[in-house]
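According to the numbering used here, the stretch in the sequence shown is residues 31 to 261, in order.
Below: one structure, written as structure tokens.
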Amino acid sequence: MMQLYDLATKYPDIRFSPFCWRIKYSLAHKGLAWEDIPVCFTEKDLLPAPNDGKVPILVDGDKVVFDSWDIALYLDRKYPKDLLFDSEESRTQSLFIKHWSETVLHVLISRMGIMDFYDAQKDLDKKHFRETRESRFGITLEDWGGNPAAARVEFLKALEPLRQTLRSQKFLGGLEPNFSDYIMVGIFQWMRCGSRLKLFEAADNVATYQERLLDLFDGLGRASPAYASLS
Ligand SMILES: N[C@@H](CCC(=O)N[C@@H](CS)C(=O)NCC(=O)O)C(=O)O
């Protein structure tokens with residue numbers, strides 16, 4: 031069975047890496063089974079080679095593939111049934127969604143949830159998390175994440191192109207989901223599984239879309255506990 035290296039937290043069942051969620055949905059999309067191997071930030075020596083020190087990493091027999099985009103391309107090459115990109119256009123459009131989400135949405139998610147993401151780390155990982163993030167942001171975690179409500183307003187505004195698209199179609203892939211939708215579910219699961227902040231009002235069609243994504247593959251995403259459900 032394939033193995034997927036995923037990001038662990040101090041909670042046995044909490045997994046919120048957006049990049050890993052993309053791949054879990056992609057594997058389920060193709061009906062492929064996998065074993066999840068959760069690894070903490072400070073356990074990089076446990077990662078199979080080659081790697082870039084990050085997860086996800088997929089091990090498929092003697093093949094090791096890292097980086098979520100490259101894993102998606104690999105899965106379509108190796109398992110061409112139920113393609114994640116059913117055309118060149120779908121691949122190039124997903125590349126836009128990847129860069130849009132990583133450059134616009136990830137910053138806002140991080141400003142909304144950083145203190146919860148930090149609290150979810152084991153003590154050893156907290157040090158790594160704080161040092162790497164503070165050197166990246168140039169300010170303390172507390173300052174970066176100091177106004178989650180304002181970041182949420184910006185985030186909901188940034189989703190307007192998605193909201194308008196969903197008025198006329200169920201998924202970014204059209205009638206059926208494709209890798210673009212799995213990029214989006216990664217974003218939603220990052221917040222749902224990693225933070226207590228409620229993202230959407232029920233009337234928002236993005237909330238309905240999130241529910242639709244959570245229902246896919248026998249409730250794959252929903253089976254993972256929400257951070258807010260922790261006592
Ligand atoms: N480009 C990579 C990014 C993966 C990534 O940043 N993963 C995070 C977890 S969400 C990670 O492993 N970070 C390790 C670290 O910050 O030390 C991909 O798309 O797979």
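Don't be surprised by glycine CBs; every beta carbon is placed ideally from N, CA and C.
Determine the burial state of S210: buried for a count of at least 16 other Cβ atoms within 10 Å of its Cβ, exposed for fewer.
-> buried
Residue of E73, C50, L196, E190 minimising C-alpha distance to W220 = C50
Cβ-heavy atom distance, S131 to ligand 1, below 6 Å | no
With a threshold of 6 Å, establish whether the CB of D97 neighbours any heavy atom of ligand 1.
-> yes
Near ligand 1: K84 beta-carbon under 6 Å from a heavy atom = Yes, since a heavy atom of ligand 1 falls inside the 6 Å radius drawn around the Cβ of K84.
Tell me whether F22 counts as near ligand 1, meaning its Cβ is closer than 6 Å to at least one heavy atom of that ligand.
-> The chain is shown only over 31 to 261; residue 22 falls outside these bounds and no answer can be derived.
For H136, which option in Q199, A79, I213 has the closest C-alpha, if you only look at C-alpha atoms?
-> Closest by alpha carbon: I213.
Using a Cβ-Cβ cut-off of 8 Å (strictly less than) and excluding sequence neighbours within five positions of A58, which residues of its own chain qualify?
-> Take A58, set aside five residues on each side of it, and the residues of its chain with a beta-carbon closer than 8 Å to its own are L246, F247, L250, in chain order.
Ignore the nearest five residues each way along the sequence and tell me which others in P42's own chain have a CB closer than 7 Å to its CB.
-> none
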